[in-house]
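Convert by adding 521 to the 1-based position in the sequence shown; the result is the number in this note's numbering. For every residue, glycine included, the Cβ atom is placed at its ideal position computed from N, Cα and C. Bear in mind the structure is a predicted one, so any value in this text is a computation, not a measurement. Only one structure is covered here, and it is reproduced in the block below.
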Amino acid sequence: MIDRDVADWILRTYAWLIRVPGVALDRNRPLVTPAHECFRGLRRDTPGLAQRLLGALQCATGTSHWPCRLSEQPSREVGITSEAVPIVPAAWEPAGTFRRSFTGGTPPELTYQPMLLQRPVALTALLAHGLSHLLLARCPETPPGGERTWDHVTDLGAVYLGAGVFIANAAHQVVYEEGVHWEGPAVYCQGWLAEPEISFALAVFARVHGHPVRSFAQHLRPSPRAYLHKAARLLRRDRRLATLWREAGLPGTTGCSRTLSSELRLGATRAWCSGFWNRTPPLAASKQPTASSSTEPGTRSRNG
Numbered sequence: 522m523i524d525r526d527v528a529d530w531i532l533r534t535y536a537w538l539i540r541v542p543g544v545a546l547d548r549n550r551p552l553v554t555p556a557h558e559c560f561r562g563l564r565r566d567t568p569g570l571a572q573r574l575l576g577a578l579q580c581a582t583g584t585s586h587w588p589c590r591l592s593e594q595p596s597r598e599v600g601i602t603s604e605a606v607p608i609v610p611a612a613w614e615p616a617g618t619f620r621r622s623f624t625g626g627t628p629p630e631l632t633y634q635p636m637l638l639q640r641p642v643a644l645t646a647l648l649a650h651g652l653s654h655l656l657l658a659r660c661p662e663t664p665p666g667g668e669r670t671w672d673h674v675t676d677l678g679a680v681y682l683g684a685g686v687f688i689a690n691a692a693h694q695v696v697y698e699e700g701v702h703w704e705g706p707a708v709y710c711q712g713w714l715a716e717p718e719i720s721f722a723l724a725v726f727a728r729v730h731g732h733p734v735r736s737f738a739q740h741l742r743p744s745p746r747a748y749l750h751k752a753a754r755l756l757r758r759d760r761r762l763a764t765l766w767r768e769a770g771l772p773g774t775t776g777c778s779r780t781l782s783s784e785l786r787l788g789a790t791r792a793w794c795s796g797f798w799n800r801t802p803p804l805a806a807s808k809q810p811t812a813s814s815s816t817e818p819g820t821r822s823r824n825g
């Protein structure tokens, strides 16, 4: 499923998140799903949808007291210089950015691509990634793996906050798009960790914080759901992972909640693909790139 070294890094990093001063949160972490009561009443045409999603996510994760600003990311598209030759963007635009000022008095800023308003799962995952930046900005220590792993740690931070379902569902999405000269399916990969790695981290979250896999698996797309069940089985049965778990200093054992075979049947797990979250209309925008960072004078930025 994933490399032993990657599993070791995920376990050690999660243990680091649990105990590092300034970052450690209540062990009784909630697991946020699209069915959470904080998201009730949201519609695609809700005024200020992005801000409402951020408020709902902060409500669900218990981070409402963290100040931050949210704004649309200005487009960098060059436009059309003649009627015959359409000009595409010169470079991929990030899905969003995180900026923190060191001058004091100014809350951190999260930005997002307006096109994500048509993909609420991806937008919510991006906002969770931004909240992870707010969490890690308070961290006085370097994570396992050193400075070069900060961007990847933000994905684990979002899982740690309880938003792992959204991060897993947005890691690899196939949507239909249409433009002036094209139409058809497009693949979006958002974040820094792939589906197997995020699903493994989600299984670790479920074990550490006492969430049975069967209580939330129906909210995952089929692919990350399958990875989650495999990760849960590995954590329960694999002696090497049990050793890594102990060496990482994670609480408890790797005996994860029992996985029911019925959970693997697609017919029993359709909650993820209905309603507000996943009725995705065709988009007229260019493909969304992997999130990347943006830095301005007087600010500090990591990949958002």
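Inter-residue CB distance, residue i and residue j (contact presumed, cutoff 8 angstroms)
| i | j | result |
| --- | --- | --- |
| L647 | C589 | Their Cβ separation, rounded to whole angstroms, is 13 angstroms, which puts L647 and C589 out of contact at 8 angstroms. |
| G490 | A536 | Limits of the chain in this structure are 522 at one end and 825 at the other, which puts residue 490 out of reach. |
| V725 | L532 | 7 angstroms |
DSSP three-state assignment for residue i, whether helix, strand or coil
| i | result |
| --- | --- |
| F828 | Residue 828 cannot be examined here, being either before or after the span of the chain that is shown, 522 to 825. |
| E593 | strand |
| L538 | helix |
| T554 | coil |
| T632 | strand |
| P665 | coil |
| P733 | coil |
| N720 | Checking the sequence shown, residue 720 turns out to be Ser, not Asn. Helix. |
| V680 | helix |
| V527 | helix |
| A643 | helix |
Nearest-angstrom Cα separation, counted from residue j out to residue i
| i | j | result |
| --- | --- | --- |
| L652 | I719 | 17 angstroms |
| T670 | L538 | 13 angstroms |
| H586 | A528 | 33 angstroms |
| G678 | D566 | 30 angstroms |
| L591 | R573 | 10 angstroms |
| E668 | V674 | 10 angstroms |
| F687 | V541 | 24 angstroms |
| D526 | P717 | 14 angstroms |
| L744 | D759 | Correcting the residue type first, residue 744 is Ser in the shown sequence and not Leu. One C-alpha to the other measures close to 22 angstroms. |
Minimum C-alpha distance to residue i - residue among the options
| i | options | result |
| --- | --- | --- |
| G712 | A689, R728 and V729 | A689 |
| A727 | T534, R550, Q594 and G667 | R550 |
| H732 | R761, V680, D526 and P628 | V680 |
| T839 | D676, A684, H673 and R620 | Given that the chain is displayed from residue 522 to residue 825, the structure contains no residue 839 and the question cannot be resolved. |
| L552 | G583, R761, R620 and H673 | G583 |
| L638 | G569, F619, H693 and G667 | G569 |
| A692 | G626, H650, R760 and P555 | H650 |
| C580 | A571, E593, H557 and A722 | H557 |
| R621 | R659, M636, V642 and E593 | R659 |
CB contact check: residue i to chain C, cutoff 9 angstroms
| i | result |
| --- | --- |
| P551 | The question asks about chain C, but that chain is absent: this structure has only one protein chain. |
Are the region 661 to 674 and the region 627 to 636 touching by the rule of at least three beta carbon pairs closer than 8 angstroms?
no
Taking 8 angstroms as the threshold, find out whether the region 560 to 571 comes into contact with the region 743 to 755 through three or more Cβ pairs.
no
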